[in-house]
Structures are given as C-alpha cells and as structure tokens.
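**Q** Numbering (the working numbering), first residue to last: 5 to 97. Backbone N, C-alpha and C fix where the C-beta goes; we use that ideal spot for every residue, glycine too.
1. Using 8 Å for Cβ pairs, my map puts residue 59 next to residue 10. What's the rounded Cβ distance?
2. Of all the options 90, 87, 16 and 34, which has the alpha carbon lying nearest to the alpha carbon of residue 52?
3. State the Cα-Cα distance for the pair residue 68 and residue 35, rounded to the nearest angstrom.
4. What is the residue span of the beta strand (DSSP E) that residue 46 lies within?
5. Please classify residue 92: does DSSP put it in a helix, a strand, or coil?
6. Tell me which residues share the same chain as residue 89 and place their Cβ nearer than 8 Å to its Cβ, disregarding the 5 neighbours each side in the sequence.
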C-alpha cells in the first residue's frame, strides 16, 4: 500500500517560490516538511486567473502521472485548496 500525501494547491500573487515562502502557507508548508515530509504543493505563482481555472488545472496535473508535480510513489487522495494567507499548524489534519 502506498502512502497518502496531502497536496496543497494554492493560487498566489507571489512572483516566485522565494516570495511565497514568506507567506503564512509557505512558512507552514516548509515547517511541516522539515518535521515530516507530509505535504506536496502545487502553487500558481503570479496568479491573475480565477481560482476555479487554476484548481481544475491542478486536478488535471495530479491525475496525469506523466506531467504530475507529485511523486508517483504516493497515492493522490487528499487535495487541499488553500489560500496563501492560511497557517497550518498541525500535520494531523
């Protein structure tokens, strides 16, 4: 049986990963990753599109094993669509 991984999907106005790492969600994801590699993340940087368009795009990426951002050794059961201004303080969601 494969592990279950939580995949965070977020739309952000941040221009890049460095800027995103300073947001509440970016800080939370990094902190939790340092403790236990729990989260995968699909960020839409410098986003100007509507969230539904980005979210549907992310779902397509997750279910496409060839073009997915998520390692193939994980089941892709849990997708969280989260604003970048949210803190996640507990990995036991």
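**A** In short:
1. With 8 Å as the limit, residue 59 and residue 10 do not qualify as a contact, their Cβ atoms being about 16 Å apart.
2. 16
3. 28 Å
4. 43-48
5. coil
6. 27, 28 and 29
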